[in-house]
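Report on one structure; see the data block that follows.
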Amino acid sequence: MFAKLMSGFLLGLVRLLTGAQARWHGCPPKAEQRIYFANHQSHADLVMIWAALPEELRSITRPIAARDYWTKSAFKRWLTSAVFNAVYVARQRSEDEDPLEPLVEALARGDSLVIFPEGTRSSRGEPQAFKSGLYHLAARLPEVALVPGWIDNVQRVMPKGEVVPVPILCSVTFGAPIALEPGEERRPFLDRARRAVMALREV
Amino acid sequence: MNSFLRTLTTSQQIGALFIVVFGVLSLATLWGFFRSLREHASDDPQAEAHAQKVKRFWGLIKTSWVMATVFWIGWALGDTVATVLFAIVGFFALREFITLSPTRRGDHRSLVLAFFVVLPLQFTIVGSRMFDLFTVFIPVYVFLALPVVSALANDPQRFLERNAKLQWGIMVCVYGMSHVPALLLLDFPGYREKGAFLVFFLVFVVQTCMLVQHLVGQRFPHKPVAPQVSQSFQWASWLAGVAAGGLAAGLLSFITPFKPGQALGMALLACFAGSLGHLVMKALKRDRGVTSWGMQGMSVTGAGGLLDRVDALCFAAPVFFHSTRWYFGL
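Those protein sequence lines, which keep their order, are chains A and B.
Just remember that this note's numbering sits 1013 ahead of the position in the first sequence, which is counted from 1.
Quick note: the second sequence, position 206, residue 204 per this note's numbering, numbers continuous.
What follows is the structure, encoded as structure tokens:
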């Protein structure tokens, strides 16, 4: 109940401030199993993609949250689990645990995921080199479509260190899905994925 | 007809006006609907151009319905709601404007100030009918406050350019737009509570001018005056548009406190300001390399932003408002 209200409130806020427009170039908004991967410039990126997806896709698409940070307080835990239905991952790698295991589990259940393969926010225009998580997921679950996304303008809405957001129109451009070629190496695949994201800037 | 209208009370007259507007819109919608029934998909090259035209027509119909409904709600719920509605329109217009002006990190605080302090304050001042303060608030006080906030952010790069853009955005989207509800609240002797007519008069006259200018320009293409800025702006069609606006004003003068001659003069002034303001906004768009405000993805499909629709009004309203006040000594 409160989760519904909260998600309605967040949706309204994001739409009021940014328009939360989705542009589908290369694939339709379809309810198939997907991993959306995008550039990461702001804390608001996740909320942007979440708000830009149509209702039917939003309910089956789960973001990823760092477990140590997002389960610290009851409110953070509630926000990530009840509102965003996030998948928790550990940031520190422990001996006996594969950090990708929760993601694979979620994908095995049929959910879609949103990931930011840069791993951290980059404030320069170009995304940093992608981390290998995307490659491992693609190798383990080849049937899941990998959809690149370019999030535009969000860093202008709320730059680092500011608390009040400014209304500026933002858009998320989704491109044609890519797939891991047979025998493709890790680095070439990650570079290709990064180029697919960057190509959407010009669309 | 005229004498019958005069026997009605003010709100009955305004109600009748809305019935006429919604009636015309319904007829246009029905006409478009029946025409769409007759059409078949075909592959000839004309079909595409035709499809574009049909799309533009439906876009226009949709905007008109939304605008008319907004006006109706504003009128039905009173002046306060109307003022808030225009504030919301100003907010969205300013959002579009700022999106296409490159701002830097250092502008953040001034932008927050513009959206969440200046805009609400300006419309609150309008709502409380402090017309003298509302006239000078932005040009005098905000003009000083915003660059101070920007300067404190310690970023001199392209300082003048960034501040000029923000100032312009506020002047057009907030200052200009706030003059529309100000018209609603203007007190003419013997013309109380009839501000809605004045707003309708202004909007109708300016829109007629823009529409006729567009249609004449398409039907009889001349050499554009400033082809780099606008392919469609030419003196002949512009004069035709202004004349049509004046004519509409003459016909509508009975709903205003003006005599027909005065209505004509006021309308010509508003049409001048509106159509030339539209040209200025086109130059700004060319500068940014876009064809319309609004979402970048949509401009390709031909559907424009909100600012494309209201920019003429933003320029016409202040001129109309202040010359009315000055001429009638209000």
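Even for Gly, the Cβ is constructed at its ideal location relative to N, Cα and C.
Values in this document were obtained by computation on a predicted structure and should not be read as measured data.
When 8 Å is used as the limit between beta carbons, A:ASN1166 is near these residues of chain B: THR97, in chain order.
Under the 8 Å criterion on CB atoms, B:LEU109 is classed as interfacial with respect to chain A. Setting aside the 5 residues that flank it on each side, A:ARG1134 is surrounded in the same chain by HIS1053, GLN1054, SER1055, each with a C-beta closer than 7 Å to its C-beta; the list follows chain order. Among the residues facing chain B, A:VAL1160 is not included, as its CB has no counterpart in that chain under 8 Å away. Look at B:SER108 here: in three-state DSSP terms it is helix. As a beta-bridge residue in DSSP terms, A:GLN1034 pairs with A:SER1184. For the segment 1080 to 1112 of chain A, the continuous beta strand (DSSP E) assignments of 3+ residues that do not extend past its boundaries occur at 1100 to 1102, in sequence order. Scanning its chain for C-beta atoms nearer than 6 Å, with the 5 sequence neighbours on each side dropped, one finds around B:TRP291 the residues GLU94, GLY303, LEU305, ASP306, in chain order. Close to chain A, meaning a Cβ-Cβ distance shorter than 8 Å, is no residue of the segment 190 to 205 of chain B at all.
Inter-residue distance for B:LEU262 and B:MET169 is about 27 Å (C-alpha atoms, whole angstroms). Taking 7 Å as the upper bound on Cβ-Cβ separation, chain B lies near residues GLU1175, VAL1177, VAL1179, PRO1180, ILE1181, LEU1182, SER1184 of the segment 1175 to 1192 of chain A. Interface criterion not met: the Cβ of B:GLU159 is under 8 Å from no Cβ in chain A.
Shown here, A:GLY1162 sits in a strand according to DSSP, grouped into three states. Contact between A:LEU1070 and A:VAL1100 does not hold, since their C-beta atoms are separated by about 16 Å, which reaches or exceeds 8 Å. In its chain, beyond the 5 residues on either side, ARG1090, TYR1101 have a beta carbon closer than 7 Å to the beta carbon of A:THR1084.
Within the same chain, ASP77, ALA80, GLY193, ALA194, VAL197 come within 7 Å of B:LEU182 by CB-CB distance, once the 5 residues on both sides are set aside. For B:LEU131, the three-state secondary structure derived from DSSP is helix. Within the same chain, Cβ atoms closer than 7 Å to the Cβ of B:VAL140 are found at VAL116, ILE168, the five residues on either side in sequence being excluded.
Taking 8 Å as the cut-off, the Cβ atoms of B:SER228 and B:LEU277 count as close. Boundaries of the beta strand (DSSP E) around A:ILE1048: 1047 to 1051. Around the C-beta of A:GLY1138, fewer than 16 other C-beta atoms lie within 10 Å, and the residue is accordingly described as exposed. Residue environment: A:PRO1178 is assigned as buried (16 or more neighbouring CB atoms within 10 Å of its CB, all protein chains considered). For the set B:LYS51, B:THR7, B:GLN10, the Cα lying nearest the Cα of B:GLN216 is the one of B:LYS51.
Under the Cβ criterion of 8 Å, A:PRO1172 is counted among the residues facing chain B.
Here DSSP, grouped into helix, strand and coil, assigns A:VAL1127 to strand.
Any Cβ of chain B closer than 8 Å to the Cβ of A:ARG1104 would place that residue at the interface, and such an atom is absent. Taking a C-beta cut-off of 8 Å against chain B, none of the residues of the segment 1196 to 1216 of chain A qualify. Taken in chain order, the complete alpha helix (DSSP H) segments of 4 or more residues contained in the segment 234 to 314 of chain B are 258 to 286, 294 to 297.
Interface criterion met: the Cβ of A:ARG1169 is under 8 Å from a Cβ in chain B. C-alpha of A:ILE1181 to C-alpha of B:PHE252: approximately 43 Å in a straight line. The beta carbons of A:LEU1193 and A:PHE1050 sit no closer together than 8 Å.
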